[in-house]
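Here the structure comes first, spelled out in structure tokens, and everything after it is commentary.
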């Protein structure tokens, strides 16, 4: 068999898009932007950036001067078309070891150790098709926003519904951008449900996501969608169960649970 | 409590490739599912992945300064796709 | 504070919750605690009868292998000495002290401790913390507290102590953690 070419990938599948292994790298904070009173977006420039898939995340590791380490995962909010840098949108958790540091201490110019992108399950790209039903609970909107931004950057004509459950208008992340997308893209619809307090004169949903709400949103799509659900554990579990009950096959529903790891 | 997505980094560190799409077969109840959907406890002294249906421990990983300890007895098998999408 | 914090530890004012699984919620009318000797019958207590056992307040420092330490934690509970005595075992008897214990818990967690490290007031089954019933996420209804060893040995949701002739590594001990776990000798992992 001398001279025969060996085709295909032997052994494991290499990291998508590059031959580099998963390593920790030091990223530089270039911008910090508040999204809500408790949520900030951190723009980070990576020395070894590689394009991520929308929905993937990075692991962030903090090392205190005395050597103590804490590690958490944060979804990438930005689209892979923005090269060399990523946006991480992080909610400040009251007793969060890492989120409080990011919010209270970090300033532009600081370095953050991170590795990624990781995750092959909760990802979407136009090649996977649609239509899309994205269901967000609170900060679970972050990876779904990456999907929306990626979709827009690629000009993908995939119908999408974002059902976004949030406590109040003030706590809505990306409110302005979502409003703009909703207005300018006829295939995209953002449906809010404000569970604690609603905008003045609000006539829309004002309760926890339930079967009836999902049915009504699904009715605005004329095909069975790919569904992505992200948010707190209980919300994700309930929503996924209801979606299965509506007839969407389990393998067309992807879930990611957010929450404090402690 | 999180899901297997939270263990993606550690699993890739160990296996050298994304593992969230690998299918685990629970040794206790027989449920088969993507590792991404298993219930993950990631800040204990180690990583624990539990079956989403019966909560039995499927996979345990401890990282010490010079080694990984892995116990996969809770899985009858783990189906790792040869190619990722 | 000098001399109270083992090497490599950091003092915390909070009380981190670390768990290997979902928090069990055993109703008190289904709860029991058992001492299982190597020979003979087990001795079991229901929740009401457990409450009637001699209970003491313990103020101890605790040290987690993940590097946090919490000083002056206040517990109320029953000494293992008391439980062994009521089960017909003499905690001062060398042949009892030379045995090994496996603490087993709701949710399946286990940890192993030499009986010698459980007697002489060194360990207790606690059901109150900081003046209130022990919360489920911290191990309630009752947990083992063994302050002189790393806190993974202080098994949450304990349901019994089984005595064994040989040391039987538990949940973390069988996965790379140190079999004994002395924080003062920094025995975190096997081989330390």
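Chains as they are written, first to last, in our numbering: chain S, 7 to 268; chain C, 14 to 98; chain R, 526 to 717.
We treat Cβ as the ideally placed atom computed from N, Cα and C, and that holds for glycine.
Keep in mind that this is a model prediction, so the values were computed, not measured.
Same chain, Cβ closer than 8 Å to residue i, neighbours up to 5 away in sequence not counted
i, result
"residue 158 (chain S)", "85, 187, 191"
"residue 258 (chain S)", "230, 231, 232, 233"
"residue 14 (chain C)", "52, 53, 54"
"residue 77 (chain S)", "65, 66, 67, 68, 104"
"residue 26 (chain C)", "none"
"residue 213 (chain S)", "199, 201, 219"
"residue 227 (chain S)", "137, 139, 165, 167"
Backbone CA spacing between residue i and residue j [nearest angstrom]
i, j, result
"residue 112 (chain S)", "residue 36 (chain S)", "11 Å"
"residue 5 (chain S)", "residue 163 (chain S)", "Limits of chain S in this structure are 7 at one end and 268 at the other, which puts residue 5 (chain S) out of reach."
"residue 270 (chain S)", "residue 53 (chain S)", "Lying outside 7 to 268, the shown extent of chain S, residue 270 (chain S) is not represented and no answer is given."
"residue 562 (chain R)", "residue 173 (chain S)", "54 Å"
"residue 87 (chain S)", "residue 41 (chain C)", "44 Å"
"residue 579 (chain R)", "residue 655 (chain R)", "18 Å"
"residue 544 (chain R)", "residue 151 (chain S)", "31 Å"
"residue 704 (chain R)", "residue 717 (chain R)", "10 Å"
"residue 254 (chain S)", "residue 60 (chain C)", "32 Å"
"residue 115 (chain S)", "residue 40 (chain S)", "17 Å"
"residue 88 (chain C)", "residue 64 (chain C)", "9 Å"
"residue 73 (chain C)", "residue 85 (chain C)", "7 Å"
"residue 148 (chain S)", "residue 246 (chain S)", "18 Å"
"residue 711 (chain R)", "residue 540 (chain R)", "21 Å"
Cβ-Cβ distance between residue i and residue j below 8 Å
i, j, result
"residue 569 (chain R)", "residue 557 (chain R)", "yes"
"residue 646 (chain R)", "residue 606 (chain R)", "yes"
"residue 47 (chain S)", "residue 83 (chain S)", "yes"
"residue 141 (chain S)", "residue 59 (chain S)", "no"
"residue 625 (chain R)", "residue 637 (chain R)", "yes"
"residue 93 (chain S)", "residue 44 (chain S)", "no"
"residue 127 (chain S)", "residue 20 (chain C)", "no"
"residue 590 (chain R)", "residue 709 (chain R)", "no"
"residue 664 (chain R)", "residue 68 (chain C)", "no"
"residue 592 (chain R)", "residue 80 (chain S)", "no"
"residue 167 (chain S)", "residue 132 (chain S)", "no"
"residue 651 (chain R)", "residue 601 (chain R)", "yes"
"residue 217 (chain S)", "residue 256 (chain S)", "no"
"residue 700 (chain R)", "residue 75 (chain C)", "yes"
Identity of the residue in the options nearest residue i by Cα
i, options, result
"residue 56 (chain S)", "S:44, S:116, S:124", "S:124"
"residue 193 (chain S)", "S:181, S:138, S:204", "S:138"
"residue 220 (chain S)", "S:209, S:199, S:238, S:203", "S:199"
"residue 33 (chain C)", "S:31, S:63, S:238, S:132", "S:63"
"residue 178 (chain S)", "S:61, S:117, S:42", "S:42"
"residue 640 (chain R)", "R:657, R:694, R:620", "R:620"
"residue 707 (chain R)", "R:693, R:671, R:683, R:688", "R:671"
"residue 644 (chain R)", "R:699, R:658, R:618", "R:618"
"residue 623 (chain R)", "R:528, R:692, R:714, R:702", "R:692"
"residue 90 (chain C)", "C:66, C:70, C:76, C:37", "C:37"
"residue 215 (chain S)", "S:262, S:260, S:197", "S:197"
Chain-order list of residues whose beta-carbon lies under 6 Å from that of residue i (same chain, five-residue window excluded)
i, result
"residue 696 (chain R)", "634, 635"
"residue 105 (chain S)", "96, 98, 99"
"residue 30 (chain S)", "119, 121"
"residue 486 (chain R)", "Nothing can be reported for residue 486 (chain R), as the shown portion of chain R is limited to 526 through 717."
"residue 143 (chain S)", "171, 237, 238, 241"
"residue 572 (chain R)", "553, 556"
DSSP three-state assignment for residue i, whether helix, strand or coil
i, result
"residue 535 (chain R)", "strand"
"residue 46 (chain C)", "strand"
"residue 52 (chain C)", "strand"
"residue 173 (chain S)", "coil"
"residue 109 (chain S)", "helix"
"residue 569 (chain R)", "strand"
"residue 41 (chain S)", "strand"
"residue 576 (chain R)", "helix"
"residue 189 (chain S)", "helix"
"residue 610 (chain R)", "helix"
"residue 23 (chain S)", "Interpretation of residue 23 (chain S) is limited by its pLDDT of 44, a score under 50 that renders its predicted location unreliable; the figure taken from the coordinates is listed afterwards. Correct three-state label for residue 23 (chain S): coil."
"residue 628 (chain R)", "strand"
"residue 86 (chain S)", "coil"
"residue 183 (chain S)", "helix"
"residue 95 (chain C)", "coil"
"residue 62 (chain C)", "strand"
"residue 704 (chain R)", "coil"
"residue 12 (chain S)", "Only weak support exists for where residue 12 (chain S) lies, its pLDDT of 39 falling under 50; the value from the coordinates is given anyway. Three-state DSSP puts residue 12 (chain S) in coil, outside helix and strand."
"residue 7 (chain S)", "Because the pLDDT of residue 7 (chain S) is 44, which lies under 50, any placement of that residue in the model is unreliable, and the question is left without a value."
"residue 651 (chain R)", "strand"
"residue 31 (chain S)", "strand"
Neighbourhood of residue i by C-beta distance below 7 Å, restricted to the same chain and skipping five residues each side
i, result
"residue 79 (chain C)", "none"
"residue 530 (chain R)", "536, 594"
"residue 107 (chain S)", "68"
"residue 18 (chain C)", "33, 49"
Neighbour list for residue i in chain D, Cβ cutoff strictly below 8 Å
i, result
"residue 592 (chain R)", "Absent from the structure: chain D. Protein chains present are S, C and R."
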